[in-house]
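Student:
Protein chains: 2
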Amino acid sequence: MEEMRTVKLTIEYDGTEYCGWQIQPNGITIQEKLEDAIQKLTGTFCRVHGSGRTDRGVHALGQVAHFHTDSEISGNDFARAINAYLPKDISVRESLEVNSGFHSRFSALEKHYCYIIENAKTRPVLDRHKVWWISWDLDFELIKEATSVIVGTHDFTSFTDAERKDEDNTRNVISAEWKNENNRLTFNIQGEGFLYKMVRCLVGTIIEAGRGKISKKEMLDILDAKDRTKAGPTAPPCGLHLKKVIYPEKFNVNNK
Amino acid sequence: MEEMRTVKLTIEYDGTEYCGWQIQPNGITIQEKLEDAIQKLTGTFCRVHGSGRTDRGVHALGQVAHFHTDSEISGNDFARAINAYLPKDISVRESLEVNSGFHSRFSALEKHYCYIIENAKTRPVLDRHKVWWISWDLDFELIKEATSVIVGTHDFTSFTDAERKDEDNTRNVISAEWKNENNRLTFNIQGEGFLYKMVRCLVGTIIEAGRGKISKKEMLDILDAKDRTKAGPTAPPCGLHLKKVIYPEKFNVNNK
């Protein structure tokens, strides 16, 4: 029996119409669409393993997944071959045959997310599905101050909607920066891993700070409280994008 | 009888689902949606005059239009008031009361368009409705060379699908520049006015040059030929965006 090959996929998707990444009984998911496409292409069912879940309505520019196959299609050709069986709102942007030790989730070193806000009095149109439209006045300096509090290793219990209170909610935020171009605020956050809804809880709370409702001192207090009820609301999913997942150099996978 | 006020609108729209700007018998148009919204808001039908037509599927970030009204709504408040009656793919981004001499079409000095291309082996997702996806290899230097030919005042008969051959097809292209960021090629073109489908004919031909099929010398020959059949194909509408329309300073309208 031939040994199975491992193929890594880099996937872009518009999460608007999906119940998130992971297969579930009551709704269509990205994982399901990928498994269906690969089955149609190769004739065999293959489980597709993602680097992690994304929630209903969240987008990805560079979600990573892998699967095992005995198909003879070359690693680089899978992307376009799978795309022929995918809907317009999901696309495999890159495929690569990798070492059998590679695992999209367990090998991951870092994840990079971005969250996009359009701050304007009137609603945006062309990017309406991928930004959070905010018409309140925001103070960019207050946003940056509140953000500085969360960089580093902290217990982020105040910033997760997870219900399991007994878990270790310590995470390391490697960097968190805002860019302000015209009316477009982009939040780039990099970490070794994130708690359930953590980026959206952080953004929702930082925006409260940007409205002058939470000071930098209060932001510190919220972090220390380890209590979700002290933080701000969860920002809507449409602004959130999983940008990329970083893996160790030994796998020779493309980290650009 | 009170004098009618003149209101200028700056409009963003996603042209994907529309048969262009201008009202026509067999399809829904942006102009129609705006006139309907204003009638619902003010109780009176007002003709909405655009700065010019955009074709089926073409987008706008800053289309300009004006209308006359005796409504008491303040000029700045019209934008959000009209938006309450518009679908999600059309938004008035700004409204302003202007001098009665202002006319969105006849007062216009310049129009700025951009055309966006995603050059990648695999299809894009999140911006799929607003870019032309090209998977061919493109040479950016050849693109810039071909583009240099069209700047200035020329007879652009070779680059229009207009059928009226007796018209004066001389136009002045003030500037035409490409930007290349990652796989995203953005063409910014500014002119005093453009012929029917001129920007899309130019882009379609410049891309043929970028593929190595048309040299700079041949680009000059095509321009000189004044013959549409000599030029390249018309680029698809989805990549084209009317960015802004510029008016004389005397009107004190916002040209940012």
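Chains as they are written, first to last, in the numbering used here: chain Y, 375 to 630; chain H, 375 to 630. The beta carbon of each residue, even a glycine, is placed where N, CA and C say it ideally should be.
1) By the 8 Å beta-carbon criterion, what residues does the stretch 462-475 of chain H contribute toward chain Y?
2) Could you give the uninterrupted runs of the alpha helix (DSSP H) lying entirely in the stretch 375-416 of chain Y, keeping only those of 4 residues or more?
3) Mind checking the stretch 488-508 of chain H against chain Y and listing, in chain order, the residues whose C-beta falls within less than 9 Å of any C-beta there?
4) My understanding is that H/Ile-447 touches H/Ala-455, with C-beta atoms under 8 Å, so please give their C-beta distance in whole angstroms.
5) Please report how far the alpha carbon of H/Met-572 lies from the alpha carbon of H/Gly-565, in whole angstroms.
6) To which residues does DSSP link Y/His-477 through a beta bridge?
7) Spell out whether any CB of chain H is found under 8 Å from the CB atom of Y/Tyr-387.
8) Name the DSSP beta bridge partners of Y/Asn-554, please?
9) So for Y/Asn-450, helix, strand or coil by DSSP?
10) Candidates Y/Leu-516, Y/Lys-485 and Y/Ile-620: which alpha carbon is nearest Y/Ile-563's?
11) Can you list the residues of chain H that Y/Asn-457 reaches, using a CB-CB cut of under 8 Å?
12) Sort Y/Lys-462, Y/Arg-497 and Y/Phe-480 by Cα distance to H/Ala-453 and report the nearest one.
13) Strictly by DSSP, which residues pair up with Y/Phe-441?
14) If you draw a straight line from the C-alpha of Y/Asn-556 to the C-alpha of Y/His-442, how long is it?
15) Going by the beta-carbon positions, is the gap between H/Thr-403 and H/Trp-395 smaller than 8 Å?
16) Below 8 Å on C-beta distance, what does H/Ala-453 contact in chain Y?
17) How would you write the range of the alpha helix (DSSP H) that H/Asp-595 sits in, first residue to last?
18) Kindly indicate which residue of Y/Glu-537, Y/Ser-522, Y/Asn-546 and Y/Phe-476 has the alpha-carbon position closest to the one of Y/Asp-529.
19) Give the range of the alpha helix (DSSP H) segment to which H/Cys-575 is assigned.
20) One question on the structure: do H/Asn-473 and H/Thr-380 come within less than 8 Å of each other, judged by their Cβ atoms?
21) Whose CA, out of Y/Ile-580, Y/Glu-623 and Y/Lys-617, lies closest to the CA of Y/Gln-437?
22) With a threshold of 8 Å between beta-carbons, can H/His-433 be considered close to chain Y, or not?
Tutor: According to the structure data:
1) Lys-462, Asp-463, Ile-464, Ser-465, Val-466, Arg-467 and Glu-468
2) 404-416
3) Listed by position, the residues of the stretch 488-508 of chain H near chain Y (Cβ gap below 9 Å) are Ala-494, Lys-495, Thr-496, Arg-497, Pro-498, Val-499, Leu-500, Asp-501, Arg-502, His-503 and Lys-504.
4) 6 Å
5) 11 Å
6) For Y/His-477, which the question treats as bridged, DSSP gives no partner whatsoever.
7) yes
8) Y/Leu-559
9) helix
10) With distances taken between Cα atoms, Y/Ile-563 lies closest to Y/Lys-485.
11) Correct list: Thr-496 and Arg-497.
12) Y/Arg-497
13) Note: Y/Phe-441 is bridge-paired with Y/Val-381 in the DSSP secondary-structure output.
14) 45 Å
15) yes
16) Lys-495 and Thr-496
17) 590-599
18) Y/Asn-546
19) 572-584 is the extent of the alpha helix (DSSP H) around H/Cys-575.
20) yes
21) When C-alpha distances from Y/Gln-437 are compared across Y/Ile-580, Y/Glu-623 and Y/Lys-617, the shortest belongs to Y/Lys-617.
22) yes
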